[in-house]
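Since the structure comes first, as structure tokens, the remarks are kept for the end.
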Amino acid sequence: MRMTVIGTGYVGVVHAACMADIGHEVLGVDIDEERVAALTAGHAPIYEAGLNALLARTVKSGRLRFSTSTTEAARFARLHFVCVGTPQVPGGEAADTRHVDAVVDGMAPHLQPGSLIVGKSTVPVGTTARLAARLQAVAPHSEIAWNPEFLREGFAVADTRRPERIVVGVESRRAEATLREIYEPMLISGVPFFSTDPATAELVKVASNAFLATKISFINAMAEVCDAAGADVVTLAEAVGQDSRIGHRFLQPGLGFGGSCFPKDIRAFAARAEELGVGDSIAFLHQVDEINTRQRRRTVDMARNLVGGSFTDRRIAVLGAAFKPESDDVRDSPALDVAASIRRVGAEVRVHDPEAVDNARRKFPGLQYTLDVPKACEDADLVLHLTAWPEYREISPAELGPVVRSRKILDARDTLDAASWQSAGWTLSALGRPRISGAYAA
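First residue of the sequence shown? That's 820 in our numbering, and the numbers climb one at a time after it.
Next up, the structure:
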């Protein structure tokens, strides 16, 4: 089928490349001319496993090309995926849907009869109905549906090729049939397909993110209790996760969540619930958000205690800048937030990350950056492990020991082998694990 993908950010570029790879003819559209030029040359704007090779292959095949013109997009196809961002409104917590609105309003006058606009952006419930009314006023023979994405950064290509589920919110059998045809290779392989109304489809996305965020904040709340009680949150999480009703996934204690989705999505969900008059039903999400933010402050406080109560004239090494491993995304990164907070109160901070250094430098130019772990740790009074890259679990504590000024490491992701670090003469500390060493107690 012919289709367009409007917006070539994280979701859009992955969706466009994967749709082209399964045989569709795709036109990607973005207002950023430099990005379009790079994509046309086969270069992805983000680090994502397997994406560059996929992009180069599909561009070379001729099934994927890029443009800056929505008018061209309207002429190219009758099927249009909208993948633009929905950040928080400036100064508020609600979702800013003006980019989605602009796409629909801009394309409506140029749509071919019988066109279908399919939203993939995360939006407040009721957005599809609102946009459908606006679309009908200008293009009465076209319609709009919603098909939320459920991609994990670092696994986006795999998640698009073999999603855990496909959810579509439609108002006609024609729209459903079109979406079934698009995703036929996935459906043949057994991927569950949920066809529902647009409001339910919109809610599936935000409810999923809210639940996962709650699970993360729950185990971090338990970490606070463990610090106070002298218990071990890692053992607690392992034991609790054995319950099949709970499971281990997202029950990992540590620095908390960040990125472009969870923080802003739970805030927007709570804000939309307030607008609907049911804010009390999900008021707990404010506490989920607060627990997550508090983990960053707790990490800074713990680090301060480990260097004697003050960061003045202290050198701190930070391992990790991306908000999660296998990504170069630093949007609302807990690691960078902690690093910047420590620098603001007097420390010299050197940051290492396998992929996110360039993005981090653009966001926080006052920090020092390096692509060499020993260089980041040279003469450090404390090493902070803030992003759980697999490479950091492979570090030799014995070899790193002579590089630092003081063999102290704070594992804020609770993924390092405490025994191996301690046997190499290091003091390893972690949130929710006061028994690892006597260096810190909440």
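All C-beta atoms in this analysis are idealised placements derived from N, C-alpha and C, irrespective of residue type, glycine included.
The structure presented is a predicted model; accordingly, all values stated were derived computationally and were not measured.
Rounded Cβ spacing between residue i and residue j (contact assumed at less than 8 Å)
| i | j | result |
| --- | --- | --- |
| Trp965 | Gly938 | 5 Å |
| Ser961 | Ile936 | 7 Å |
| Arg884 | Leu846 | 6 Å |
| Ala1199 | Arg1224 | 6 Å |
| Ala863 | Val832 | 6 Å |
As assigned by DSSP and simplified to three states, the class of residue i
| i | result |
| --- | --- |
| Tyr829 | helix |
| Ser886 | strand |
| Lys1227 | strand |
| Gln774 | Here the chain has residues from 820 to 1261 only, and residue 774 is not among them. |
| Asp1147 | coil |
| Thr1189 | strand |
| Phe974 | coil |
| Glu844 | strand |
| Arg1169 | strand |
| Arg1134 | strand |
| Arg984 | coil |
| Gln931 | coil |
| Glu1109 | helix |
| Arg1086 | helix |
| His960 | coil |
| Ala914 | strand |
| Gly813 | Not covered by the structure: residue 813. The range shown for the chain is 820 to 1261. |
| His834 | helix |
Distance between residue j and residue i (C-alpha atoms, nearest Å)
| i | j | result |
| --- | --- | --- |
| Ala1207 | Tyr829 | 21 Å |
| Ile985 | Glu844 | 21 Å |
| Leu874 | Cys837 | 8 Å |
| Pro1209 | Ala975 | 18 Å |
| Thr941 | Tyr1188 | 33 Å |
| Ile1110 | Ala1179 | 24 Å |
| Ile1085 | Ala1217 | 42 Å |
| Ala897 | Ser934 | The residue asked about is misnamed: residue 897 is Arg in this sequence, not Ala. Near 4 Å, if we compare the C-alpha coordinates of Ser934 and Arg897. |
| Leu1192 | Leu870 | One detail in the question is off: residue 1192 reads as Val in this sequence, not Leu. Spanning the two alpha carbons is a distance of roughly 26 Å. |
| Val1126 | Gln907 | 36 Å |
| Thr1019 | Gly988 | 7 Å |
| Gln1114 | Leu1219 | 27 Å |
| Leu1229 | Leu1138 | 10 Å |
| Ala977 | Tyr866 | 14 Å |
Exposure of residue i, with buried meaning 16 or more beta-carbon neighbours within 10 Å
| i | result |
| --- | --- |
| Ala839 | buried |
| Ala1087 | buried |
| Val1097 | exposed |
| Ile1214 | buried |
| Thr947 | buried |
| Gln1106 | exposed |
| Ser879 | First, the residue type needs correcting, since residue 879 is Lys and not Ser in the sequence shown. Looking at its Cβ environment, which holds fewer than 16 other Cβ atoms inside 10 Å, Lys879 is exposed. |
| Glu1029 | In the sequence on display, residue 1029 carries Ala and not Glu. Ala1029 comes out buried. |
| Ala872 | exposed |
| Thr979 | buried |
| Arg1095 | The question names Arg, but residue 1095 in the sequence shown is Leu. Classification of Leu1095: exposed, given that the 10 Å Cβ count is below 16. |
| His834 | buried |
| Thr890 | exposed |
| Asp1120 | exposed |
| Asp849 | buried |
| Arg992 | exposed |
| Gly809 | In this structure the chain extends from 820 to 1261, so residue 809 is not present and cannot be described. |
Near the ligand SAM: residue i beta-carbon under 7 Å from a heavy atom
| i | result |
| --- | --- |
| His960 | In terms of ligand content, the structure shown is empty, and the ligand SAM therefore cannot be addressed. |
Can at least three beta-carbon pairs, one atom from the region 1032 to 1042 and one from the region 1051 to 1069, be found at a separation below 8 Å? Yes: the two stretches touch, three or more of their Cβ pairs being nearer than 8 Å.
Kindly confirm or deny that the region 1067 to 1076 and the region 1227 to 1234 touch, where touching means at least three C-beta pairs closer than 8 Å. Contact annotation: the region 1067 to 1076 touches the region 1227 to 1234, with at least three C-beta pairs closer than 8 Å.
Taking 8 Å as the threshold, find out whether the region 1117 to 1136 comes into contact with the region 1059 to 1067 through three or more Cβ pairs. No, they do not touch.
Would the region 997 to 1014 count as touching the region 1077 to 1084 if we require 3 or more Cβ pairs under 8 Å? Judged by Cβ distances under 8 Å, the region 997 to 1014 makes no contact with the region 1077 to 1084, as fewer than three pairs qualify.
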